[in-house]
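Undergrad: Supplied in structure tokens, the structure appears directly below.
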Amino acid sequence: MNEIGTQIGTAMLIPSGVKTGFSTNLPAQMYTCRIKSAARHTPADPLKKDNLNIKFSCEIMAPDQVTDEAGQIVRAAGRAFDIYCPIATAMKNFESSFELLGKLQLLRPEGGFVPDEVINQANTGMIWFSCLIICEPEFFTTKNLQGNEVAVLVNGQPMLKGYRIKFPEIAQIGGRVEVPPGFAPPAF
Numbered sequence: 023m024n025e026i027g028t029q030i031g032t033a034m035l036i037p038s039g040v041k042t043g044f045s046t047n048l049p050a051q052m053y054t055c056r057i058k059s060a061a062r063h064t065p066a067d068p069l070k071k072d073n074l075n076i077k078f079s080c081e082i083m084a085p086d087q088v089t090d091e092a093g094q095i096v097r098a099a100g101r102a103f104d105i106y107c108p109i110a111t112a113m114k115n116f117e118s119s120f121e122l123l124g125k126l127q128l129l130r131p132e133g134g135f136v137p138d139e140v141i142n143q144a145n146t147g148m149i150w151f152s153c154l155i156i157c158e159p160e161f162f163t164t165k166n167l168q169g170n171e172v173a174v175l176v177n178g179q180p181m182l183k184g185y186r187i188k189f190p191e192i193a194q195i196g197g198r199v200e201v202p203p204g205f206a207p208p209a210f
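Structure, rendered in structure tokens:
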């Protein structure tokens, strides 16, 4: 079992249900996460309609709280993020899906995968994994006279909206970890 898997055990704190409205900067470190749900996803851009992905909607499960760079305790558990897994063979990064699904132990024994099977397994809420989470600043934006999106400036500086979790790259996924004993995903 990896280092993150040993941390969760029976002493893990389960999130209190706060799921949105997070805007604090989390320290870049490994977190224990789970896939809440999965679905087929096609980009809104009609030119990319053939770029089919599986969108994994994930959340941080542990640790419950962390200390940020300023020394303040901030809530980590419940922070949401997405991971996209390419499933269209025409996509240039299609091969990366095998590495991602392998780390999550979602490949068939013979090494392949069927997207609907992966989605069904992920929708159980019982796929837990370790992941290096990195946040990035997000700024308020508006449209200028030319219709381009620009940052809202206050005293010459962009106005900070908060911090969002960057889409994790495959190298940031540590691998699958055991589900804590007694955990039952919430019924929606």
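Using my numbering, you'd call the opening residue of the sequence shown number 23 and step up by one each time.
In this text, a Cβ means the ideal position worked out from N, Cα and C, and glycines have one as well.
Quick one, which of Lys58, Arg56, Asn73 has its alpha-carbon nearest threonine 64's?
TA: Of the listed residues, the one whose Cα sits closest to threonine 64 is Asn73.
Undergrad: Run the CB neighbour count on proline 159, radius 10 Å, all protein chains shown included, and call it buried at 16 or more, exposed below.
TA: That one is exposed.
Undergrad: Between lysine 183 and serine 45, which are expected to be in contact by the criterion C-beta below 8 Å, what is the C-beta distance as a whole number of angstroms?
TA: That belief holds up - the Cβ atoms of lysine 183 and serine 45 are roughly 7 Å apart, short of 8 Å.
Undergrad: Report, in whole angstroms, the separation of the C-beta atoms of leucine 129 and phenylalanine 120, which I expect to be a contact under 8 Å.
TA: Sure, about 7 Å apart at Cβ, within 8 Å.
Undergrad: For glycine 196, count neighbouring C-beta atoms within 10 Å of its own C-beta (all shown protein chains included) and say buried if the count is 16 or more, exposed if not.
TA: Counting Cβ neighbours within 10 Å, glycine 196 comes out buried, since at least 16 surround it.
Undergrad: So is valine 140 buried or exposed if we call it buried at 16+ other beta carbons inside 10 Å?
TA: Per the 10 Å Cβ criterion, buried.
Undergrad: Of the choices Ile82, Tyr53, Ser59, Asp104, whose alpha-carbon is the least far from that of threonine 146?
TA: Taking only the C-alpha atoms, the option nearest threonine 146 is Ser59.
Undergrad: What residue range does the alpha helix (DSSP H) around proline 137 cover?
TA: Taken as a continuous stretch (DSSP letters only), the alpha helix (DSSP H) holding proline 137 covers 137-144.
Undergrad: If you count every other CB in all the chains shown that lies within 10 Å of the CB of isoleucine 109, and 16 or more means buried, which is it?
TA: Isoleucine 109 comes out buried.
Undergrad: Exposed or buried, which one is proline 190 when buried takes at least 16 other CB atoms within 10 Å?
TA: Classification for proline 190: buried.
Undergrad: What number of angstroms, rounded off, separates the C-alpha of proline 221 from the C-alpha of asparagine 177?
TA: As displayed, the chain neither begins before 23 nor continues past 210, which places residue 221 out of reach and without an answer.
Undergrad: Is DSSP giving phenylalanine 78 helix, strand or coil here?
TA: DSSP places phenylalanine 78 in strand when its eight states are reduced to three.
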